[in-house]
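Trainee:
2 protein chains.
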Amino acid sequence: MLDRARELDAADPLSGYRDRFDLPDGVIYLDGNSLGALPRATSARMQQVIREEWGEGLIRSWNDADWISAARRVGGKIAPLIGAGPREVVACDSTSVNLFKLIAAALDMRSGRKVILSEPGNFPTDLYMIAGLERQGLAERRLAERDKLIGALDDDVALLLLTQVHYKSGAMHDMAGLTSAAHGAGALVLWDLSHSGGAMPVDLNACHADFAVGCGYKYLNGGPGAPAYAFVAERHHAALHQPLTGWFGHAAPFEFSDDYAPAPGIDRLQCGTSPILGLAALEVGVELIAEIGVDRLFGKSRALSEFFLECLVEQDLKLELVSPQDSAERGSQLSFRHPEAYAICQALIARGVIGDFRDPDILRLGFAPAYLRFEDMAEAARHLAEVLRTGEWERPEFRERAAVT
Amino acid sequence: MLDRARELDAADPLSGYRDRFDLPDGVIYLDGNSLGALPRATSARMQQVIREEWGEGLIRSWNDADWISAARRVGGKIAPLIGAGPREVVACDSTSVNLFKLIAAALDMRSGRKVILSEPGNFPTDLYMIAGLERQGLAERRLAERDKLIGALDDDVALLLLTQVHYKSGAMHDMAGLTSAAHGAGALVLWDLSHSGGAMPVDLNACHADFAVGCGYKYLNGGPGAPAYAFVAERHHAALHQPLTGWFGHAAPFEFSDDYAPAPGIDRLQCGTSPILGLAALEVGVELIAEIGVDRLFGKSRALSEFFLECLVEQDLKLELVSPQDSAERGSQLSFRHPEAYAICQALIARGVIGDFRDPDILRLGFAPAYLRFEDMAEAARHLAEVLRTGEWERPEFRERAAVT
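As they're listed, the protein sequences go chains A and B.
Mind the numbering: the first sequence is residues 1 to 405 in the working numbering, read in order.
Mind the numbering: the second sequence is residues 1001 to 1405 in the working numbering, read in order.
(1) Would you say E397/A reaches chain B, if we count a Cβ-Cβ gap shorter than 8 Å as a contact?
(2) Which one of A290/A, A370/A, T179/A, G285/A has the shortest CA to CA distance from P224/A?
(3) C92/A bridges to which residues according to DSSP?
(4) Can you tell me which of L1388/B, F1248/B, E1320/B, R1401/B puts its alpha carbon nearest to the alpha carbon of A403/A?
(5) Suppose you measure from the CA of I1103/B to the CA of E53/A; what does that come to, to the nearest Å?
(6) Is D1093/B close to chain A? Criterion is C-beta to C-beta, closer than 8 Å.
(7) Determine, using beta carbons only, whether V404/A comes closer than 8 Å to chain B.
(8) Look at the alpha carbon of F1367/B and the alpha carbon of A1228/B, and state the distance between them as a whole number of angstroms.
(9) In chain order, what residues of the same chain have a beta carbon less than 8 Å from the beta carbon of V1387/B, not counting five sequence neighbours either side?
(10) Hey, out of T42/A, L204/A, S15/A, whose CA is closest to P86/A's CA?
(11) Would you mind stating whether Y1342/B and T1405/B have Cβ atoms separated by less than 8 Å?
(12) Suppose only complete runs of 4+ residues qualify. What are the alpha helix (DSSP H) ranges in the region 298-369 of chain A, listed by chain order?
(13) Which chain B residues sit within Cβ distance under 7 Å of G197/A?
(14) Say whether chain B places a C-beta atom closer than 8 Å to the C-beta of V97/A.
(15) Quick one: grab the DSSP three-state call for A290/A.
(16) Rounded to the nearest angstrom, what separates G1170/B and S1323/B at their Cα positions?
(17) Give the DSSP-derived three-state secondary structure of D1155/B in the structure shown.
(18) Taking C-beta to C-beta, are I266/A and G75/A nearer than 8 Å?
(19) Tell me the residue span of the alpha helix (DSSP H) that contains D64/A.
(20) Cα separation between R1382/B and L279/A?
(21) From the beta carbon of C271/A, is the nearest beta carbon of chain B less than 8 Å away?
(22) Within the chosen definition, does the region 170-180 of chain A reach the region 195-212 of chain A through at least 3 CB pairs nearer than 8 Å?
(23) Quick one: using the 10 Å Cβ neighbour count with 16 as the cut-off for buried, is S332/A buried or exposed?
(24) For Q1242/B, is the classification buried or exposed, using 16 other Cβ atoms within 10 angstroms of its Cβ as the cut-off for buried?
(25) Please confirm whether E1136/B has its beta-carbon closer than 8 Å to some beta-carbon of chain A.
(26) Tell me where the alpha helix (DSSP H) around V1387/B begins and ends.
(27) Going by DSSP, name the residue or residues bridged to W54/A.
(28) Indicate, with yes or no, if the ligand SAM has a heavy atom lying under 7 Å from the CB of E1375/B.
(29) Does S1043/B come out as helix, strand or coil in the three-state DSSP assignment?
(30) Give me the residue from M1129/B, R1146/B, E1145/B with the minimum Cα distance to L1138/B.
(31) Run through chain A and tell me which residues come within less than 9 Å of T1042/B, C-beta to C-beta.
(32) Along chain B, in chain order, which residues have C-beta atoms closer than 8 Å to that of E255/A?
(33) Leaving out the 5 sequence neighbours to the left and right, which residues in its chain are closer than 7 Å to L143/A when beta-carbon positions are compared?
(34) With a cut-off of 8 Å, does the C-beta of I1276/B fall near any C-beta of chain A?
(35) Does the beta carbon of A1144/B sit closer than 8 Å to a beta carbon anywhere in chain A?
(36) Does P1013/B pass the burial test, meaning 16 or more other C-beta atoms within 10 Å, or should it be called exposed?
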């Protein structure tokens, strides 16, 4: 398969983009869905921000280097990747904090309704962010399995909160259909794009989505703990009240008045001072993904994952696939169930094949298409087959759990 | 005065620390209370985090570079600067977001009480963060002038929320006295240390403070929009419920369970994934301030501001000082009222003397003691005298307002 992989790489129009990333030697990185790789341009840009903008420019850079617009500018560059208008997205805070703002905003817009509907097994922070509002007496969490979500929509539901591509299985929701069903029941919809934004075409406005959030450090390659982003459809801007009413979301922050007045438009989603270093790194990652284009990226990620499955067949490996078989119905990942998934993942990492484990029994392999080669697929499949055939995962060092799994 | 200034500099035991910062030539930087200067060590450390930890280590760095403990580790290094125990401080989110967490936590702990008491003219975001909770029906804002605060404490007050050193005037509150008065009325106290932490000794535990927040990008020199910090006295940890219940505040975040359970201790104040780049820069700044020591820093900042006032006398300049006359009662700044403060500030900036303007009529000069010289005081006073005497501030370009003032 290695020969065929090399032919596919030679014919791949995106193959040149691998060199735009700084990847370590001897590593096949199948975890870009957890932390994206380092764009080559990031390091120099960060030196410029640190030495010139901060060191030389000091406080003047809020104007001279336009730090003051950074949240809006980076949001505006993310917008076309997710089918949003340029003034509908802002880059700020963490995904979790942005979830809170928008869950609370939905409760404010649908007064009388308290239920936030989601699915069990959604990414934990999406579910957890409801807990604080529940304790405040403002929200009530309702979970329904994915095939029962539409049936669980009633006139108590203020918000349907779902992750478009499931972090564990990679299964993709029908964004247009579920949004329409929720609207039919009078509810709003908040889409978490953490596992889809930057990896595949997302069309929030074509689906009439109300709200969305997403992660800056996965497919957008913004660096560890990068700022996240938030989307609010323009039709909701004027009526939107989110509770994190900080000075960067104020209509006139430098008037220093005692009373809060929300900024017009998407800026009212901002809260504290923009994290300039984090936004600068994120901007580099976003620009690179925008240059490649999400349509081409998704095309390649489908081809990569299909080829990987062929390689497993070639290796005569039978693993339980928990991701959808059809590559059009899943994100840029393949997840397999195995009772020893943790130890297998560690044995692969020791061989330089970095995937990840998700409790309790999932081996998750992400295929970030911007920097992976078909050759990586063939090699990863060979390593996986060898780990399983030799039983090297049984070594005690591979079974000991680290702090972060 | 320049000769005397140079003698004072020669005798100053902190003078060597100026070289630990990267300051631009030809600038006298009197705005470290708005954005701290760049420590010389930051740039190399950031290259290491970006190239080695992110680029080479990739996802493995959550364990191998101990990213997972960054929020707690940096918090632990801030703790001794503010009189807190090592497990009472965490570095995360923005000051605004941390204010929200702790205002809401106080309302949760004092159920039946809804009033958040503060003073008019407190830093805007402190006041604004009450607004979101008011709209949710959870809080009620009450403002009282500083000499009427104690009288405004009654059994409706859940929390007294004050900034220890006023951002505009530099006036310092009596932390011990006000904390005790609030406790006497059954209320909790939240201190914003943004203009005191890292510039002067703060002793939260000696004052029996309940909560505190503070800024990472002023006196801690963490870079533009650096992560902030939050303090909760250990006696409150077990009963603390803050509403931003994200996965990084979970007791077992990598078990990926559907239900939120707060981490034991200060970690429950975390919300989303730690901003690793921002925390790395902040850590460098904190370590440098800790090395110099807040007692020595405050001693020098008092000497600097007293010397600056002497220089003004020498220049025969009579300006209305709105900061306290006694340097023991003010933070590391001097604020002057002048109807043309904005234009004067701009004229000074054009001469390389960077202070700042605070609406509507305050010229604020900060004396960050870690990198300023007595010579800078003499020169700044000379420039200020020349600007006022020549009337050069009257030029139209100095009166045009920028986006960020």
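Glycine included, C-beta positions come from ideal geometry on N, C-alpha and C.
Quick caveat: nothing in here was measured; it's all calculated off a predicted structure.
Mentor: The structure says:
(1) no
(2) G285/A
(3) A228/A
(4) Closest in alpha carbon position to A403/A, among L1388/B, F1248/B, E1320/B, R1401/B, is F1248/B.
(5) 34 Å
(6) Put simply, the CB of D1093/B is near chain A, with a gap under 8 Å to one of its CB atoms.
(7) yes
(8) Our two residues, F1367/B and A1228/B, have alpha carbons roughly 21 Å apart in a direct line.
(9) Sequence-distant partners of V1387/B (beyond 5 residues in either direction) whose C-beta falls short of 8 Å from its own C-beta, in its chain, are I1344, A1347, L1348, R1351, W1393.
(10) L204/A
(11) yes
(12) Considered as a whole, the region 298-369 of chain A harbours 341-350 as its complete alpha helix (DSSP H) runs of no fewer than 4 residues, in chain order.
(13) What G197/A touches in chain B: nothing, since even the nearest Cβ is about 16 Å away.
(14) Judged by the 8 Å Cβ criterion, V97/A is in contact with chain B.
(15) helix
(16) Distance between G1170/B and S1323/B, taken at the CA atoms: about 6 Å.
(17) coil
(18) yes
(19) 61-64
(20) 39 Å
(21) Contact of C271/A with chain B is assigned, a C-beta pair being separated by under 8 Å.
(22) yes
(23) buried
(24) Burial check for Q1242/B: the Cβ neighbour count within 10 Å reaches 16 or more, so the residue is buried.
(25) Sequence check: residue 1136/B is Gln here, not Glu. With 8 Å as the cut-off, Q1136/B counts as an interface residue toward chain A.
(26) Secondary structure note for V1387/B: its alpha helix (DSSP H) is the uninterrupted segment 1374-1390.
(27) W54/A pairs with nothing; no bridge assigned.
(28) Because no ligand of any kind appears in the structure shown, any question about the ligand SAM cannot be addressed here.
(29) helix
(30) M1129/B
(31) I50, W54, G55
(32) D1359
(33) S118, E119, P120
(34) yes
(35) No, because no Cβ of chain A sits closer than 8 Å to the Cβ of A1144/B.
(36) Exposed: under 16 other Cβ atoms inside 10 Å.
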